[in-house]
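Heads up, the thing below is written out as C-alpha cells.
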Amino acid sequence: MAERKGAGPRHREGFEREPARRVFAAELREVNLQFKDGEDEKSPSYILLPTGIRANRIFFIGTLTEKERRGDQNIFYHARISDPTGTFFVIAGSYQPEAMQQLAKIEPPAFVAVVGKPNVYQSPSGAVLVSIRAESIVTVDADTRNCWVMDTAKSTLDRLDQFGSTEDSEKAKAHYNTDPEVYRKMAYDALTQLKI
Amino acid sequence: MEVSTIVERISQKIEQKGVQADRKKIESKIRRLIEEFGVNPAEAERTVMNEVAREHSITPSGGSRSTDLLEIGTLVPGEWVSVQGKVVSLSNPPSPSIAQSGIIADSSGAIRFVVWSSANAPRMEQGKWYRLESAVVDSYKGMPNLKMHSGTTIVGVDSDAILLPSISPIADLKPGVGSIRAKMVQEWEPSHERMLQTGLLGDESGTIKFTIWKDEPEKEKLAPDTVYNIYYGQVDEFNGRLSLNLNTAVYIADEGDIEVGAGDVAKGVIVHIAPGSGLIKRCPVEGCNRTLSRQNYCPIHEIQQKFRYDLRLKAVLDDGTRSRNILLQRDLVEQLSGITLDEAIELAENNPLGMDEVFYRLRDATMGRYIACRGSEMDGRILARQCEKLTFDPAKLADLLNRAGGA
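Protein sequence lines, in the order shown, are assigned to chains A and B. Those letters in the first sequence? Residues 618 to 813, by this note's numbering. Those letters in the second sequence? Residues 4 to 410, by this note's numbering.
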C-alpha cells in the first residue's frame, strides 16, 4: 500500500485532475500507442502524441458533420467532428449519459466543443484507429472555434519547442520517428484557414 | 549591622525586578539562619535570596543565563532569549493555564506571547514597555511564540520610544504577526456563529482572508471598500493558506484608495461543471448560509422550509497543461451565462426538470468557453472576483503564424 502511494513523480499532493490536451485531428490520427501509468486497474491510461506528450483527456472544437444512433439494447451515438486538419471520431454511449443526451439534441452541422478520453483500438480489418469517448459535448459559436484553433496551434508549437528535452518526447521520437516540421506545417495550415 | 546590609542588598535586588520587598520578613529569615542555626552570613544571604526569588517567581540575576537583549524581529524558535518591547495587544487567554496572551513589539518586529499561569508573573498592561528575561521562543501552529514561564523575569521599563510598525505587502506576510495597509474588498457570510466578520483584504501585491472573532470587548467591523492601516494582526496558516486574525490588531481607517492586485489569474477552457452548480438554496438562518440539499436540509439547522435562492458555478478551468477548480458567485455567473437569478428561479419553477434545467442551461452556456478569471486561491480552488470571456484576437494569430511558418 505504502509503495503504491508514492508511485512515481507524477503523483502530486492530493488529487489533481488530468489536463485536457489540445490536439489537431491530423496529429491524433497518427496515434497508435496507449499505455497505463502504473499496474493498478484504476491507473490512468494515456495515449502518446507524436509531438511528445501523454494525454489522458483531450479538448477540441470542430464542426459536427454527421451523427448516427446505433445499437438497440445498448444505444450509443457515433459522430464525426472536423477541424481544419481532419476528422475526430467520437462515441457517446450509455456510460456517458450526459454526452449522449447532449449529442442527441444537436443537429449537424454545428460547431461543438468536446471533452473526452481518447482510445486506441484495432478495427476488424486490422487498421489502428483512435476514437474519443465524449464526457461532454456542447454547441459553441465560430469565435470560440477560432480561439481553439489558435490555442491548439500554440500548444502544438510549444510541444515542438520542447521536443527532445522531455521524457515523453524522447519516447515519441523513438516510437513515431516524428518529424517536427510536419507538425509545424500542420499548425501553420490550420492557422491560415482562420484568415477569411 | 551586618544583617541589615544583607537585608538591604536582597531587597534592592528583588525590587530591581519590579517586586515589592518585605524587609521585615527577609530580616527575620536571615536572623533565624545566622543566629539560630549558625549559618555563615554569605550562605544565609544566598539561601534567602533564592527563597525570595522563588516566592516571587523571579530569576536571581548574575546567573549563567544571558541577559543580552535580542531584537524581536530576529527571534527564532528554540532559543532562550531576553527582549525589551512594548505590549501592543492583549487578548483573552484561550485556556486557564495561560495568564496572559498578546503581542509584544519592538522596532525590529513583533511576536505573539503567552504567560503561563504557573509563572506567577506580574500582569502586563497594554501600551507599556517591559523587559522580559529568560523567556523561551517556540513555535505554535507554525508561528513563532514567546513563552513566559516561572523562570522568566518580567520588569516594567520606562520608555517613551515611538514604535512604528513596519508595514509589509500582503504577498510578503508569513505566519506570526504582521502589519499591512489594505483595502477591504469582500465581505463573506460568517461560517461560524462565533465569527463577527470575515472577508478579503487586498493591496497591490495580493489578497488575504481576514477574520474577526466575537470577543470581549466587541471589536469593530471593517467597512467595505475602505482602506485600513492594520497593525499587529496575527497571521495564521492553515492548509498552506495564510489568513489574518484581526482580534489582536489595531486598525485605523485611512484616506486614499488602493488598486488591489489581481491575485491569481487563470486562463483556459471550462471543461467540467461540477455538481452543486446552478440554482442552489441557502439556509436562511442568520449567519449560516449553507447550501441546502434537495430536501431543503441544512447540515446544521436541519429542515428549512424557507430558503434563499442563489446562483453559483463550480467548474474546472483547463489551459491544456493544468486544470484548476474555480468558483463563480452569482454576479459572475449571470455575467458569463447571460442568465439572471430571477430568470433561473422562473425556469426552475416552471419547468418539469426544475433546478436541473438551470444546471443544463448554465452548462450549455459556459462549457467549452475560453475565459480568464482573477481571484484568490483557497483550498485548491480559485474564488473568482473577476471573470471575462476571451475572444478571438487577430493580432495573436499573426504572431502564431510567424512562429509556425518561421522555421
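All residues carry an ideal CB built from backbone N, CA and C; glycine is no exception.
For a Cβ distance threshold of 7 Å, residue set Ala-770, Leu-774, Arg-801, Ala-804, Tyr-805, Leu-808 of chain A lies close to Ala-407 (chain B), ordered along the chain. Chain A places no beta carbon closer than 8 Å to that of Asp-267 (chain B), leaving this residue out of the contacts.
At a beta-carbon threshold of 7 Å, the residues of chain B lying near Ala-730 (chain A) are Met-370, Gly-371, ordered along the chain. Ranked by Cα distance from Ala-185 (chain B), the first of B:Gln-298, B:Gly-209, B:His-195 is B:Gly-209. Of all alpha-carbon atoms in B:Glu-58, B:Lys-177, B:Ala-108, the one lying nearest the alpha-carbon of Ala-124 (chain B) is that of B:Glu-58. Taking 8 Å as the CB threshold, Ile-678 (chain A) lines the interface with chain B.
Judged by DSSP in its simplified three-state form, Ser-786 (chain A) adopts helix. Under DSSP, Thr-210 (chain B) shares a beta bridge with B:Gly-205. Membership of Glu-54 (chain B) in the alpha helix (DSSP H) is indicated by the continuous run 44 to 58.
Between Thr-809 (chain A) and Val-640 (chain A), the C-beta gap is not smaller than 8 Å, which leaves the two residues out of contact.
In chain order, Gly-710, Ser-711 place their CB closer than 8 Å to the CB of Asn-691 (chain A), counting only its own chain and leaving out the 5 sequence neighbours on each side. A Cβ of chain A is located within less than 8 Å of the beta carbon of Asp-321 (chain B). Three or more Cβ pairs closer than 8 Å define a contact, and the stretch 360 to 373 of chain B meets that threshold against the stretch 271 to 291 of chain B. With contacts defined by Cβ atoms closer than 8 Å, Arg-646 (chain A) and Gly-733 (chain A) do not form a contacting pair. Ranking A:Thr-773, A:Pro-661, A:Asn-794 by CA distance to the CA of Tyr-805 (chain A) puts A:Thr-773 first. A residue is called buried once 16 or more other Cβ atoms fall within 10 Å of its Cβ, and Asp-700 (chain A) is buried on that count.
For Asn-148 (chain B), the three-state secondary structure derived from DSSP is strand. The three-state secondary structure of Val-188 (chain B), taken from DSSP, is strand. Under the Cβ distance rule, Val-336 (chain B) does not count among the residues neighbouring chain A, no pair being separated by less than 8 Å. Contact note: Asp-657 (chain A) does not reach chain B at a C-beta cutoff of 8 Å; the least C-beta distance is about 22 Å. For Ser-194 (chain B), no Cβ of chain A is located within less than 8 Å of the residue's own Cβ. When C-alpha distances from Glu-82 (chain B) are compared across B:Gln-298, B:Val-139, B:Tyr-133, the shortest belongs to B:Val-139. The Cβ of Asp-796 (chain A) sits no closer than 8 Å to any Cβ of chain B. With a threshold of 8 Å between beta carbons, Ser-326 (chain B) makes contact with chain A. Per the Cβ contact rule, the stretch 153 to 164 of chain B is not in contact with the stretch 91 to 101 of chain B (fewer than 3 Cβ pairs under 8 Å). Checking the DSSP bridge columns, you'll see Asp-313 (chain B) partnered with B:Ile-283.
Assignment of Gly-408 (chain B) by DSSP, reduced to helix, strand and coil, places it in the helix class.
In the structure shown, the three-state DSSP call for Lys-771 (chain A) is helix. Per the Cβ contact rule, the stretch 645 to 660 of chain A is not in contact with the stretch 328 to 348 of chain B (fewer than 3 Cβ pairs under 8 Å). Listed along chain A are Val-755, each with a C-beta nearer than 7 Å to that of Asp-367 (chain B). Annotation: the stretch 681 to 723 of chain A contains the following complete segments of the beta strand (DSSP E) (minimum length 3 residues), in chain order: 693 to 700, 703 to 709. In chain order, Phe-213, Ile-215, Gly-236 place their CB closer than 6 Å to the CB of Leu-249 (chain B), counting only its own chain and leaving out the 5 sequence neighbours on each side. In this chain, the beta strand (DSSP E) harbouring Gln-389 (chain B) covers 384 to 392. In summary, Gln-713 (chain A) is buried, with 16 or more beta-carbon neighbours lying within 10 Å of its beta-carbon over all protein chains present. Judged by pairs of C-beta atoms under 8 Å, the stretch 400 to 410 of chain B does not touch the stretch 382 to 389 of chain B, as fewer than three such pairs exist.
For Thr-761 (chain A), the neighbours in chain B by C-beta distance under 7 Å run, in chain order, Gly-371, Arg-372, Tyr-373.
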